[in-house]
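Heads up: the structure comes next, in structure tokens.
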Amino acid sequence: MDLKKIIKEKTGTIVDVRTPMEFSGGNAEGSINIPLQELEIRKEELKSLKQPLVLCCASGGRSGQATQYLTHQGIECYNGGSWLDVNFYQTQTV
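So the number in the working numbering is just where the residue sits in the sequence shown, counting from 1, plus 3.
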């Protein structure tokens with residue numbers, strides 16, 4: 004798994020697990036917002052998204068929790084860390 008390649012080539016879906024208020028203050032291009040506390044009730048929606056999922060948040064902590072939970076639910080996903088890192092990987096040309 005090459006996380007940078009998945010992000011750059013858009014072969015999955017970027018899911019930001021921060022709160023809607025945090026998300027509205029800035030987010031990775033093309034990402035969708037599903038807050039950490041809503042993962043369980045939105046599990047079917049998450050399963051229907053193009054996988055693998057790249058999960059991000061402010062620093063990587065919440066996306067790490069989300070990765071652990073969703074992996075146990077059988078969803079292919081990776082911790083992308085901070086949304087700023089994901090955004091940076093999207094803009095790389097090499």
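Using N, Cα and C, we set each Cβ at its ideal position, and we do this for glycine too. Bear in mind that the values here come from a model prediction, so they are computed numbers and not experimental data.
Inter-residue Cα distance where the pair is serine 62 and lysine 8 | Approximately 20 Å between the Cα atoms of the pair.
Cutoff 7 Å; reference serine 66; Cβ partners in own chain excluding five residues on either side | Val20, Leu58, Cys59, Cys60, Asn82, Gly83, Gly84
Cα separation between glutamate 47 and glycine 28?
-> Taking the straight line joining both Cα atoms gives about 27 Å.
Can asparagine 36 and tryptophan 86 be called in contact, C-beta distance under 8 Å?
-> no
Would you kindly work out how many angstroms separate the C-alpha atoms of glutamine 93 and serine 34, rounded to a whole number?
-> Looking at the two C-alpha atoms, the distance is approximately 11 Å.
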